[in-house]
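Read left to right, the sequence shown gives residues 1077 to 1282 (our numbering).
Backbone N, C-alpha and C fix where the C-beta goes; we use that ideal spot for every residue, glycine too.
One structure below.
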Amino acid sequence: MLNTEWFSIRTLTLPATAIALLAAFFVVWFVLRMQFSKQWSGVYADAIFTFIIVWKISLIVTDFKAVLAQPLTLLYFNGGTFGVYLATITVLLQLLWKRHKLQWADEGVMASVWAIILTQSIYQWFVVLLNDNSMNSEVITLTVLSILTLFILWKITALQKALIIYTAGYLIVATLQPQGLWQPAVGVSVLLLMLGLGIQRVGGKK
């Protein structure tokens, strides 16, 4: 989806996509906190914190001169698409490094699948609601992802299958959005699929 709206919070102006991402993070954290033990909402919160920090400081890589000239730009800007990918990969590596400490069991694997699917779906819902894209792509995105998410989380017990079906469904939906398969969310979705499959391998749950 294209970002068409910007929102001002005092001196800070954020694109609707950033607001959607932060809102999705909060909603998913709350769902995990209610649905699973406190440990897994904490793991998700740590991942969110890492993502946001890396996403923001990635501006040093993408525009070092601007940061050097005015360090406060780190508060107002981020590394864009590069920053999103770098932050996602950093979170993946962080979870990989902590895999033995976390001791993924059935609940942890289930919580990770819920987190991966819900973060993507709720982010897309907020993007649709906060921006003004074509009606067809918005309706298709909301309808398909809502049905797909509810069906997977409540009907499919094979977690590997759930992740693959969701990612495939999202890729189909993405082709009907303005940026198609070239939007950062698509690449992130594939990386999250790899993360989910990796967690299941460590946790031993299919």
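The criterion of a C-beta distance shorter than 8 Å is satisfied by Ser-1265 and Thr-1243. Annotation: the continuous beta strand (DSSP E) that includes Ile-1085 extends over 1082-1085. Burial state of Val-1167 is buried, judged by a 10 Å Cβ sphere holding 16 or more other Cβ atoms. For Leu-1088, the pairing in a beta bridge is given by DSSP as Ile-1085. For Ser-1188 against Gly-1272, the beta-carbon gap comes to about 6 Å, under 8 Å, which counts as contact. Runs of the alpha helix (DSSP H) lying entirely within the region 1151-1180, each at least 4 residues long, are 1156-1173 and 1175-1178 in chain order. For Leu-1172, same chain residues with a beta-carbon under 8 Å away, outside a window of 5 residues either side, are Gly-1274 in chain order.
Measuring C-alpha to C-alpha distances from Gln-1179 to each of Trp-1105, Phe-1227 and Gln-1115 identifies Gln-1115 as the nearest. Given a length threshold of 4 residues, each whole run of the alpha helix (DSSP H) inside the region 1210-1279 is given here in chain order: 1211-1231, 1235-1251 and 1260-1279. Residue environment for Trp-1230: exposed (fewer than 16 other C-beta atoms within 10 angstroms of its C-beta).
Contact between Val-1203 and Thr-1089 does not hold, since the beta-carbon distance rounds to 17 Å and is not under 8 Å.
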